[in-house]
Amino acid sequence: GEDVEQSLFLSVREGDSSVINCTYTDSSSTYLYWYKQEPGAGLQLLTYIFSNMDMKQDQRLTVLLNKKDKHLSLRIADTQTGDSAIYFCAERTGTASKLTFGTGTRLQVTL
Amino acid sequence: GAGVSQSPSNKVTEKGKDVELRCDPISGHTALYWYRQSLGQGLEFLIYFQGNSAPDKSGLPSDRFSAERTGGSVSTLTIQRTQQEDSAVYLCASSPRLAGDDTQYFGPGTRLTVL
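Protein chains in written order, with my numbering: chain H, 28 to 138; chain V, 14 to 128.
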């Protein structure tokens with residue numbers, strides 16, 4: 028079955044790195060995504076990784092995928108106050124069309 | 014180019030009334046999705062349209078919910094006889110569904126409050 032889990036809250040100091048973790052259960056996941064949601068706004072796609080990749084880097088963002096453990100992480104380098112938001116991981120499996128989202132991790136960046 | 018747009022941005026209605034929510038996908042995107050975001054349930058898939066194929070309605074929570082997509086573009090989500098538990102943010106997404114790009118791009122959502 029499909030189940031995606033995330034920790035609910037993370038607090039980091041400005042300038043530090045943030046690491047947001049996600050675990051999923053469906054081994055047939057093809058794409059895994061990270062979305063950002065700011066207060067009162069929709070979902071903004073940050074990055075995605077194909078299941079045959081281990082790592083993807085995009086400017087301050089690094090995605091790591093451990094397919095054996097079904098673990099996905101998003102690292103934000105040099106975290107800024109503008110990074111404060113809720114971060115959702117999501118999986119897309121096989122020919123299924125829908126995304127299954129995690130519960131979301133609220134990132135709080137302190138000065 | 015323009016992103017996914019949704020209207021209205023906010024809707025307050027009374028229990029028992031019907032509501033219609035609209036989604037304008039990104040031009041040229043063949044796939045359209047509706048999701049619901051609520052406090053108790055997180056983000057849930059509702060329905061999916063792809064081209065002229067029959068929609069995947071597997072996520073609709075009850076027969077009070079229906080959706081249509083006219084001309085392969087604009088979609089309307091209708092909730093009949095609204096209940097308080099229908100209060101949520103309804104998000105629409107579209108995707109080009111091309112080889113190599115299956116990404117879903119989300120609209121800002123419609124916040125529905127049922128009194």
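Quick reminder that beta carbons are idealized off the backbone N, C-alpha and C, glycines included.
Proximity to residue i [Cα-Cα], best of the options
i: E41 of chain H; options: H:Q107, H:Y75, H:T50, H:Q33; result: H:Q107
i: G84 of chain V; options: V:V32, V:R124, V:G53, V:F62; result: V:F62
i: D85 of chain H; options: H:L138, H:T74, H:C116; result: H:T74
i: M80 of chain H; options: H:L72, H:G67, H:K94; result: H:K94
i: R119 of chain H; options: H:D43, H:L35, H:Y51, H:S38; result: H:Y51
i: Y149 of chain V; options: V:R94, V:V87, V:Q96, V:Q97; result: Past the edges of chain V, shown from 14 to 128, lies residue 149 of chain V, and the structure says nothing about it.
i: Y48 of chain V; options: V:V127, V:L128, V:F119; result: V:F119
i: P74 of chain V; options: V:L128, V:S18, V:Q93; result: V:Q93
i: D37 of chain V; options: V:S66, V:R82, V:T95, V:T91; result: V:R82
Residue i (DSSP reduced to helix, strand or coil)
i: T74 of chain H; result: strand
i: Q97 of chain V; result: helix
i: T108 of chain H; result: helix
i: D43 of chain H; result: coil
i: K97 of chain H; result: coil
i: A68 of chain H; result: coil
i: S38 of chain H; result: strand
i: S22 of chain V; result: coil
i: A15 of chain V; result: coil
i: R110 of chain V; result: coil
i: R87 of chain H; result: coil
i: M27 of chain H; result: Examination of residue 27 of chain H is not possible in this model, given that chain H is present from 28 through 138 alone.
i: T52 of chain H; result: coil
i: S127 of chain H; result: Checking the displayed sequence, the identity of residue 127 of chain H turns out to be Thr instead of Ser. Looking at T127 of chain H - three-state DSSP - the assignment turns out to be strand.
i: Q117 of chain V; result: coil
i: T137 of chain H; result: strand
i: G28 of chain H; result: Residue confidence for G28 of chain H is low, a pLDDT of 48 falling below 50, so the modelled location carries little weight and cannot support an answer.
Nearest-angstrom beta carbon gap, residue j and residue i [assumed within contact, 8 Å]
i: F78 of chain V; j: L59 of chain V; result: 7 Å
i: S22 of chain V; j: R124 of chain V; result: 7 Å
i: G52 of chain V; j: T89 of chain V; result: According to the sequence as given, residue 52 of chain V is Leu; it is not Gly. So it is not a contact: roughly 25 Å between Cβ atoms.
i: T126 of chain V; j: S107 of chain V; result: In fact, because the Cβ distance is near 25 Å, the residues do not count as touching under 8 Å.
* **the segment 54-65 of chain H / the segment 24-41 of chain V touching (three or more Cβ pairs under 8 Å)** => no
* Asked: Which runs of the beta strand (DSSP E) spanning at least 3 residues fall entirely within the segment 25-98 of chain V, listed in chain order?
  -> 32-37, 44-51, 55-63, 78-82, 88-92
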